[in-house]
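Asker:
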Amino acid sequence: KRCLNVVPLGRGIAWFDAGTTDALLDVTHYMAAVEKRQQRKVACPEEIAWRQGWINRTQLKALAKRARGAYQDYLQRLVEEP
Numbered sequence: 072k073r074c075l076n077v078v079p080l081g082r083g084i085a086w087f088d089a090g091t092t093d094a095l096l097d098v099t100h101y102m103a104a105v106e107k108r109q110q111r112k113v114a115c116p117e118e119i120a121w122r123q124g125w126i127n128r129t130q131l132k133a134l135a136k137r138a139r140g141a142y143q144d145y146l147q148r149l150v151e152e153p
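Remember, this note's numbering sits 71 above the position in the sequence shown when you count from 1.
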């Protein structure tokens with residue numbers, strides 16, 4: 072027997088059915104627009120771990136050094152936040 076659980080999605084949550092290439096492209100454009108407007112990465116594992124207190128600033132800095140390109144720049148900006 073299977074049960075269906077319904078979880079209401081709160082404000083600021085977006086759900087996309089990305090089952091087609093066109094839908095996946097729509098999601099890509101949406102995520103790029105959100106990141107550009109908010110100047111934040113969406114679902115950045117390193118940032119999530121740091122903000123949740125699972126890693127400290129020193130560990131975040133080490134992870135930033137291993138990253139490359141714009142992602143590295145983003146992590147480095149996080150390290151420099153007060």
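Beta carbons: idealized from backbone N, C-alpha and C, even for Gly.
Treat the numbers as computed from the prediction; the structure is a model and nothing was measured.
Give the DSSP-derived three-state secondary structure of residue 139 in the structure shown.
Answerer: For the purposes of this step, residue 139 is taken as the residue at position 68 of the sequence shown. Reduced to three states, the DSSP call for residue 139 is coil.
Asker: Indicate whether residue 98 and residue 106 have their beta-carbon atoms separated by less than 8 Å.
Answerer: As a working note, residue 98 is residue 27 in the sequence shown. As a working note, residue 106 is residue 35 in the sequence shown. No, the Cβ-Cβ distance between residue 98 and residue 106 is not below 8 Å.
Asker: Measuring only the C-alpha atoms, how far is residue 132 from residue 73?
Answerer: Reading the sequence shown from its first residue, position 61 is the one you call residue 132. Reading the sequence shown from its first residue, position 2 is the one you call residue 73. Spanning the two alpha carbons is a distance of roughly 45 Å.
Asker: Suppose you measure from the CA of residue 128 to the CA of residue 150; what does that come to, to the nearest Å?
Answerer: Taking the first residue of the sequence shown as 1, we reach residue 128 at position 57. Taking the first residue of the sequence shown as 1, we reach residue 150 at position 79. Going from the Cα of residue 128 to the Cα of residue 150 covers about 6 Å.
Asker: Would residue 121 be called buried (16 or more neighbouring beta carbons within 10 Å of its own) or exposed?
Answerer: The residue labelled residue 121 in the question sits at position 50 within the sequence shown. With 16 or more other Cβ atoms within 10 Å, it is buried.
Asker: Does the distance from the C-beta atom of residue 104 to that of residue 95 stay below 8 Å?
Answerer: Indexing the sequence shown from 1 puts residue 104 at position 33. Indexing the sequence shown from 1 puts residue 95 at position 24. Not in contact: residue 104 and residue 95 (Cβ atoms no closer than 8 Å).
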